[in-house]
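**Q** One structure, as C-alpha cells, below. Some questions next.
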Amino acid sequence: MRIKATPMERLFYLGNYVFLIVVSLLFLIPFISVLSTSFISTAEWARRGNFVLIPEAPTLEAYQFLFGGSKGTVFNAYKITFFRTIVGTILCLTFTGLGAYVLARRNLPGRTFMTLLVFIPMVFSGGLIPFYLVVDRLRLTNTVWIMITPFLVNPWWLLIMRNFLMTIPVELEEAALMDGANPLTVLIRVYLPLSMPALTTIGLFYAVWHWNGWFYAAVFNSNRDLYPIQVILRSILYLGDASYRGDLGIMFEPEMMPPAQTLKAAMIIVTTVPILLVYPFIQRYFVKGMLIGGVKG
Amino acid sequence: MTEVLRILRKHGFYYLLFLPVAGYLIIFKYVPMIGIMIAFKDVTPFMSMGEIVTSSFIGFKHFVNFFNSFFFWDLMENTLMISIYKTLWSFPAPILLALLINEVHNTYFKRISQTISYLPHFFSMVIVAGLVYVVFGVQGGLVNHLVVLTGGEPQHYLGDPRWFRTILVGTTVWQTVGWGSILYLAAMAGLNPETYEAANIDGASKIQQVRHITLPGISHVIVILFIFRIGDLLDAGFEQILLLYSPSVYEVADIIDTYVYRAGLLNLKYSFASAVGLYKSILALLLLLAANKFANFLGHQGIW
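Residue numbers (this note's numbering), protein chains in the order written: chain A, 780 to 1076; chain B, 2 to 305.
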C-alpha cells in the first residue's frame, strides 16, 4: 500500500535528490578537474597560469613526457605493478586458502591454538622498526619480494575465508571419502570448486591491495627499477617541493618538462584509469565480501 | 606417545597444509614481536642479527627519554585530536548518507549514486593525496580558483597549520563515507516495511520515522562500529599524513606513527623508535581490550 505523498514529503524527496546529486558531483569533480588539468599545454599554462576547466588547445604533452623518452620509467613501473599484483595475489590466495581450509576443520586437534596464532597479530604487532629489521636481515629489501613475501596472509581475510568454508556441509567430504577419495582429492575436487566465490572475492581484495600498495615499495626499497606505479606517482607529487630530494631527473629525461601541475595530473590519471576500467566489474564482489566480513565486525 | 602418532596419522596432512601459513606468521609477525626487545637495548644500524640478540639490555632508558621529551605531549595531542576530529565527522557521515540513499525509491538513481560514492575507497592513498595536491594547488588548483573568484587571496592550504587538519578530516570523509554506508544500508534493507506503513497511517513524519524506526533498527550496527572505531583511536591515518604533511605543519600534523617512521627509518634511531612504537602498540591493545569489554557489557559480541 502506497500512501500519497504530502507536499512536505514531496519537497523532502526533491531536496534529497538534489542533495545526492551534489554529493555525487563532489566525488567526481576532483577527478574531472584533474583530468582537464592533465591536458593543458605548456604554452596555455604559462599564459593563463590559473585554474582551467576546459583547455583551449588540449594536448598530450604531459602524457608524452611520461611515456616517451628512452628511459621507459612508467612502462617499467607498470610491469612491476602487474608482477606484484599477479604473483602476489596468487601467493596470498594459496597461503590464505590453505590456512583457512585447515582452520575450518571442526575436528582438528589444536585448531583453537592455530586460530589464536592467526588472531594475535590482528591486535598486536611488533611495530615498524622490528619489522624492518626482520625483512632487512632476510635480505628482502631492494628486491621485488619486499612487496610480496612479508604480506602473504591478511589474518582478517583468512578468518572471513574460514567462516565461508565452514558453511560447506561436511557430508560432501564424507561422501567423497566413502567413495575412496584421499584428502588431497577432497581438497581439490570438492572444496576448491565450491569455494570459488569466496576465493574470487578475497582474491580481488588482495589484488587491489597489491595494486594500491606503495609504502613498503618506497620505504624499504631504494632501487628505482623496482618502483611500482604508485611510487612513481608519489615522486611526481613532490615535484616543486624544495624539501624533497627529487629523483625525477634520473627517472625521466628532464628537458622539455611540462608544468608540475599538469604532470601531476597526468600521472594521477595514468595511475587511476586501470582501476576505473575494472571498477564496474569488481565492485559488487567487494560489497558482497564486505557484508560477509561485516556479519562479525 | 601412541596418542600423538594416532593424531598425526589421522590429521598429519592438515598440519602439513598449515605449515606454510604458520611459518609465514612466525617469521613476519612473531619474530618482529620478539624483536621488540630492541626497545630495551641500544641497537645501531650496522649490527648483525646475532649482535642484536646478544647485545645487553639497558632497561627503560628510551621510554623515559620519550616521556620526558618536549614533543611527547605534542605527538599525543596531534594523534588524539586528529583521530577524534576524524571520528566526529567521518563516523556520522555514512549513517546520514545511508539514511538519505535509503529514502530514494528510484532503483537506478540509488544504484548509481551508491556506486559513485564508494569509488574513492578503491583509490590508493597516493592517488587521494595526488587529488588533494592538485585540487588545493596554489597555482591552478580548483579550490584557490574558487577562493579568488569570491574575492579572496590564493593560499597554500596544505602548508598552513590552520588548514591542515581540516584537509585531513575532509579527505577522510570523502574517501570513506560511501563505503561506510554499505553496512548501514544493508541493515536498513532488513527492517520490516510494514512498520513504516503502520507509522505512515498513524501520521508519523519522516523525521519521526527515522528517529523511532530506522535508527533503533540499525543501532546495533552503529554501536558495534563505534566501538571498533574507539579500538582504533590511535590510528590517526599514518599513510595519509605521511603523504600530505611537510615540516611547516609538523606542529599540528606529526603523529606517533610518523614520528616513529622519521626517528627509526630516516634518523636510524632503531631502539628509540621501537620504544615509541611499543608504547603505541600497548596503548592501542589496551584501548581495544577496553572497547571489546564494553561491547560485551552492552550485550554485543565484540571481535572475540
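Idealized CB from N, CA, C, for every residue including glycine. Predicted model, so just to flag it, every value in this text is computed and none were measured.
1) Give every residue of the same chain whose Cβ lies closer than 7 Å to the Cβ of A:Thr821, excluding the five residues on either side of it in the sequence, and list them in chain order.
2) Cβ atoms of A:Tyr1058 and B:Phe58: under 8 Å apart, would you say?
3) Can you give me the C-alpha to C-alpha distance between B:Ile309 and B:Ile283, rounded to a whole angstrom?
4) Can you look up A:Asn855 in the DSSP assignment and give me helix, strand or coil?
5) Give me the Cβ distance between A:Thr860 and A:Ile1008, rounded to the nearest whole Å; I'm assuming they're in contact under 8 Å.
6) Among B:Leu290, B:Met77, B:Ser275, whose alpha-carbon lies nearest the alpha-carbon of B:Met34?
7) Can you pull out the residues from the region 916–936 of chain A whose beta carbon lies closer than 7 Å to at least one beta carbon of chain B?
8) Specify whether the region 244–251 of chain B and the region 872–881 of chain A touch according to this definition: at least 3 beta carbon pairs, one from each stretch, less than 8 Å apart.
9) Suppose the cutoff is 8 Å on Cβ atoms and the five residues either side in sequence are ignored; what does the same chain contact list for B:Phe67 look like?
10) Can you tell me whether A:Phe798 is buried or exposed, with buried defined as 16 or more other CB within 10 angstroms of its CB?
11) Let me know if A:Glu1032 comes out buried or exposed under the rule of 16 or more other beta-carbons within 10 Å of its beta-carbon.
12) Enumerated in chain order, which unbroken segments of the alpha helix (DSSP H) with a length of 4 residues or greater are wholly contained in the region 107–184 of chain B?
13) When you compare the CB positions of B:Ile168 and A:Ile1047, do they come within less than 8 Å of one another, or not?
14) Would you say the region 901–913 of chain A touches the region 19–36 of chain B, given that touching needs at least three Cβ pairs under 8 Å?
15) Mind checking which residues open and close the alpha helix (DSSP H) that includes A:Glu950?
16) Using the three-state DSSP reduction, which class does B:Asn79 fall into: helix, strand or coil?
17) Return the chain-ordered list of same chain residues with a C-beta closer than 6 Å to the C-beta of A:Ile1011, the five sequence neighbours on each side being excluded.
18) So A:Ile925 packs on A:Gly1068, CB below 8 Å; how close in whole Å?
19) In chain B, what lies closer than 7 Å to A:Phe994 by C-beta?
20) Could you give the DSSP three-state label for A:Ala836: helix, strand or coil?
21) Could you check if A:Tyr1023 is buried or exposed, using at least 16 other CB atoms within 10 Å of its CB as the buried criterion?
22) Skipping 5 residues on each side, what residues in its chain have a beta carbon closer than 7 Å to that of B:Arg230?
23) Find out if the Cβ-Cβ distance for the pair A:Gln843, B:Gly141 is shorter than 8 Å.
24) Applying a beta-carbon distance threshold of less than 7 Å, which residues of chain B neighbour A:Gln843?
25) Quick check on A:Met780: buried or exposed, where buried means 16 or more other Cβ atoms within 10 Å of its Cβ?
26) Which class does A:Leu1018 belong to by DSSP, given the choice of helix, strand or coil?
27) Given this structure, state the Cα-to-Cα distance separating B:Leu6 from B:Phe14, to the nearest angstrom.
28) How about B:Ser118: is its C-beta nearer than 8 Å to some C-beta of chain A?
29) Hey, how far is the Cα of B:Asp315 from the Cα of B:Gly218?
30) Consult DSSP for B:Ile59 and reduce its assignment to one of helix, strand or coil.
31) Buried or exposed: where does A:Ile1029 fall if 16 or more other Cβ atoms within 10 Å of its Cβ makes it buried?
32) Quick check: is the beta carbon of A:Ser1022 nearer than 8 Å to any beta carbon in chain B?
33) Here's a check: name, in chain order, each residue in its chain whose Cβ is nearer than 8 Å to the Cβ of B:Val148, leaving out the five neighbours to either side.
34) DSSP on A:Val813, reduced to helix/strand/coil?
35) In chain B, which residues lie less than 9 Å from A:Arg1013 when you measure between Cβ atoms?
36) Taking buried to mean at least 16 other C-beta atoms within 10 Å of its own C-beta, is A:Ala986 buried or exposed?
**A** From the atom records:
1) Counted from its first residue, the first sequence places residue 821 of chain A at position 42. Result list for A:Thr821: Glu840, Pro1037, Pro1038, in chain order.
2) The count along the second sequence starts at 1 and reaches residue 58 of chain B at position 57. The count along the first sequence starts at 1 and reaches residue 1058 of chain A at position 279. For B:Phe58 and A:Tyr1058, no; Cβs fall outside 8 Å.
3) With chain B covering 2 to 305 only, the question about residue 309 of chain B has no answer from this structure.
4) Working through the first sequence from its first residue, we reach residue 855 of chain A at position 76. DSSP places A:Asn855 in helix when its eight states are reduced to three.
5) Position 81 of the first sequence holds residue 860 of chain A. Position 229 of the first sequence holds residue 1008 of chain A. That pair is a contact at about 5 Å.
6) Along the second sequence, one-based indexing puts residue 34 of chain B at 33. It is B:Ser275.
7) Arg916, Pro929, Leu931, Val932
8) no
9) By 1-based counting over the second sequence, the position of residue 67 of chain B is 66. So the qualifying residues of the chain are Phe73, Phe273, Ala276, Val277, Tyr280.
10) One-based indexing of the first sequence puts residue 798 of chain A at position 19. Exposed, since its Cβ has fewer than 16 Cβ neighbours within 10 Å.
11) Locating residue 1032 of chain A in the first sequence gives position 253, counting from the first residue. Counting Cβ neighbours within 10 Å, A:Glu1032 comes out exposed, since fewer than 16 surround it.
12) 108–118, 126–136, 143–150
13) The residue labelled residue 168 of chain B in the question sits at position 167 within the second sequence. The residue labelled residue 1047 of chain A in the question sits at position 268 within the first sequence. Cβ atoms of B:Ile168 and A:Ile1047: not closer than 8 Å.
14) yes
15) For the purposes of this step, residue 950 of chain A is taken as residue 171 along the first sequence, with counting starting at 1. Unbroken alpha helix (DSSP H) run through A:Glu950: 949–957.
16) Mapped onto the second sequence, residue 79 of chain B falls at position 78. Helix at B:Asn79.
17) Mapped onto the first sequence, residue 1011 of chain A falls at position 232. Ala856.
18) Along the first sequence, one-based indexing puts residue 925 of chain A at 146. Along the first sequence, one-based indexing puts residue 1068 of chain A at 289. Contact flag wrong, Cβ pair sits at about 27 Å.
19) To locate residue 994 of chain A, count along the first sequence from 1; it is residue 215. Correct list: Glu240.
20) Within the first sequence, the letter at position 57 stands for residue 836 of chain A. A:Ala836 falls in the coil class under three-state DSSP.
21) One-based indexing of the first sequence puts residue 1023 of chain A at position 244. Because the pLDDT of A:Tyr1023 is 49, which lies under 50, any placement of that residue in the model is unreliable, and the question is left without a value.
22) On the second sequence, residue 230 of chain B is found 229 positions in, with the first residue counted as 1. The answer, listed in chain order, is Thr88, Phe92.
23) Numbered from its first residue, the first sequence carries residue 843 of chain A at position 64. Numbered from its first residue, the second sequence carries residue 141 of chain B at position 140. Not closer than 8 Å, so no.
24) For the purposes of this step, residue 843 of chain A is taken as the residue at position 64 of the first sequence. Those do not exist, as A:Gln843 stays about 19 Å from chain B at its closest Cβ, beyond 7 Å.
25) Within the first sequence, residue 780 of chain A is the residue found at index 1, counting from 1. Residue placement at A:Met780 is poorly supported in this model, since its pLDDT is 44, which falls under 50; the coordinates are not used for a value here.
26) What you label residue 1018 of chain A is simply residue 239 of the first sequence in a count that begins at 1. The answer is coil: DSSP assigns A:Leu1018 none of H, G, I, E or B.
27) For the purposes of this step, residue 6 of chain B is taken as residue 5 along the second sequence, with counting starting at 1. For the purposes of this step, residue 14 of chain B is taken as residue 13 along the second sequence, with counting starting at 1. Taking the straight line from one Cα to the other gives about 13 Å.
28) The residue labelled residue 118 of chain B in the question sits at position 117 within the second sequence. Yes, B:Ser118 counts as interfacial toward chain A.
29) The question about residue 315 of chain B has no answer here: the residues shown for chain B are numbered 2 through 305.
30) The residue you call residue 59 of chain B lines up with position 58 of the second sequence. It is coil, neither helix nor strand.
31) For the purposes of this step, residue 1029 of chain A is taken as the residue at position 250 of the first sequence. Its Cβ having fewer than 16 others within 10 Å, A:Ile1029 is exposed.
32) As a first step, residue 1022 of chain A is located in the first sequence; it is residue number 243 there, counting from the start. Residue placement at A:Ser1022 is poorly supported in this model, since its pLDDT is 48, which falls under 50; the coordinates are not used for a value here.
33) Indexing the second sequence from 1 puts residue 148 of chain B at position 147. Result list for B:Val148: Glu154, Pro155, Gln156, in chain order.
34) Taking the first sequence and counting its residues from 1, the one referred to as residue 813 of chain A is at position 34. Helix at A:Val813.
35) For the purposes of this step, residue 1013 of chain A is taken as the residue at position 234 of the first sequence. By Cβ distance, chain B contributes Val127, Ala130, Gly131, Leu244.
36) Sequence index remark: in the first sequence, residue 986 of chain A carries index 207 (1-based). Buried is the call here.
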